[in-house]
Ligand code: RP5
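Residue numbers (the numbering used here): -6 to 154.
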């Protein structure tokens, strides 16, 4: 099956965080593909991959990087598909990643999520919401995810008891 979402990360060291994005995509039964490709270290391979996966029908890109995090912006420069950027945690707390992902100059947009695990999970959920515009099954699974999440909170015992 061709991937609906391409998850790209700048280093395998990002996997510990990005695993949360992938498990959320799995939970929503969204076909995905994962690649480690860097804007700085493998620029040619990154460009070739974006072209290739787009030709195979990908609808949303998720790009995660840390530090001087240009990955999402570089991916966005090569496609008209939506690109969701996730800033990875760093020794500076991920603020460096956040600013370099979110502060795109006007003209090439990157939808930037929160730093770390929250951003990884939410990128999967936002990708699902984008796909749900044309796929009713995904909307149904997204609705079920929300309902289960609500129920989990309501089922929690009184923490002070
Ligand atoms: C970025 O540099 C990667 O996305 C990663 O978050 C960070 C550190 O990479 P490694 O030195 O662990 O490979 O490009």
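For each residue, glycine too, the CB sits at the ideal point set by N, CA and C.
(1) Report yes or no: do three or more beta-carbon pairs, one from the segment 85 to 97 and one from the segment 119 to 130, lie closer than 8 Å?
(2) Which first and last residues belong to the alpha helix (DSSP H) in which residue 36 is found?
(3) Looking at residue 85 and residue 67, is the spacing between their C-beta atoms short of 8 Å?
(4) In the DSSP output, which residue or residues are listed as bridge partners for residue 28?
(5) Starting from residue 77, follow the alpha helix (DSSP H) in both directions and report where the run begins and ends.
(6) Mind checking whether the beta-carbon of residue 116 lies closer than 7 Å to any heavy atom of the ligand RP5?
In short, the structure shows the following:
(1) no
(2) 36 to 48
(3) no
(4) 1
(5) Run containing residue 77: none in the alpha helix (DSSP H); it sits in the beta strand (DSSP E), 76 to 80.
(6) no
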